[in-house]
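Quick note, the sequence shown lines up with residues 201 to 455 if you use the numbering used here.
Note that beta-carbon positions come from the ideal geometry of N, C-alpha and C, so glycine has one too.
Only one structure is covered here, and it is reproduced in the block below.
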Amino acid sequence: MTDQSHSRQPLCGHTALVTGASRNIGRAIALSLSAAGANIVVNTLSDVEAAEAVAAEIDTQGGNAIVAVGDIVDRDAVAAMVAAGKKAFGRIDVLVANASARGQIDFLDMSYETYRRVIDISLDGTFHLAQATLPMMIDAGWGRIVTLGGVSWHAGLKRRAHNLTAKAGLTGLTRALAVEFGGHGITVNMVAPGMIETVRPASAGTLPARAAEPPVARKGTVDEIASSVRFLCDPAQSYITGQIIHVNGGYHLGG
């Protein structure tokens, strides 16, 4: 479904692939970018019902969305979801790499498989996604990539060596892509959320005691993260690239 209001939005005519978009931050980002006029490819690893509900909500609000089920660690699956987006909307020129895996475990108790899976999703998955979508952005002479980092590797937290390592690597990849593709009209930035009010899976573990007390004295909302991503994706923000936007209430400042 399309209405005339979408034609006046800044992202009208653009298509965004949002990974991990079936719930929480990913869902909020998908809805926010749709409200800005973008077509949305709603990716999920396995929660098809929730992803379809997000797509249906976008449709109800006058937007356009399809669901793409697949593991971003699998290059073939990434190619398939990108092809589906291109078939439905012509191209994908906005990538939001939101999908990640979290958890807490003492470093000496951490299996290599656990360590590797977190890095595979946050870092390698983004690598696959960027390689699959950047050619379309280059052809268009325009593109936006936003990665989702985390406050933990800036502030440091115990029992999260896998997460800190993955997000540190993702920061490096974000900056590398910003430098390499800036001349093509493509910006690449990172949003680093803090402690956000979400429905946490059991695998994510409990929050550290300090995590609930950033300088602003509250947790953030998924909409606050989504609005920052939407800002970076706006065509008007063509001179912001290679940046880490901390949306964590000042938690990364320590204290």
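**Study point:** the segment 221-238 in contact with the segment 248-258 per 3-pair CB rule at 8 Å
**Key:** Contact between the segment 221-238 and the segment 248-258 is present: three or more C-beta pairs spanning the two stretches fall below 8 Å.
Review point. In whole angstroms, what separates the C-alpha of SER222 from that of ILE266?
Key: Whole-angstrom Cα-Cα distance: 12 Å.
Review point. The alpha helix (DSSP H) spanning HIS362 covers which residue range?
Key: Run containing HIS362: 361-381, per the alpha helix (DSSP H) assignment.
Review point. Pick from LEU329, GLY372, VAL296: whose alpha carbon is nearest that of PHE431?
Key: Taking the Cα of PHE431 as reference, the smallest distance to any Cα among LEU329, GLY372, VAL296 is reached at VAL296.
Point to revise | As assigned by DSSP and simplified to three states, the class of GLY290 | key: Looking at GLY290 - three-state DSSP - the assignment turns out to be coil, as it is neither helix nor strand.
Review point. From which residue to which residue does the alpha helix (DSSP H) around LEU357 run?
Key: For LEU357, there is no enclosing alpha helix (DSSP H), as DSSP marks it with neither H nor E.
Practice item. Assign MET310 to one of three DSSP states: helix, strand, or coil. Key: Note: MET310 maps to coil in three-state DSSP.
Review point. Which one of TYR451, LYS286, GLU397, VAL294 has the shortest CA to CA distance from GLY341?
Key: Considering only alpha carbons, the answer is VAL294.
Review point. Just the Cα atoms here: how many angstroms apart are ILE338 and ALA376?
Key: Answer to the nearest angstrom: the Cα atoms are 16 Å apart.
Practice item. Figure out for me which residue from GLY237, VAL429, CYS212 has the closest Cα to the Cα of ILE445. Key: The candidate whose alpha carbon is nearest that of ILE445 is VAL429.
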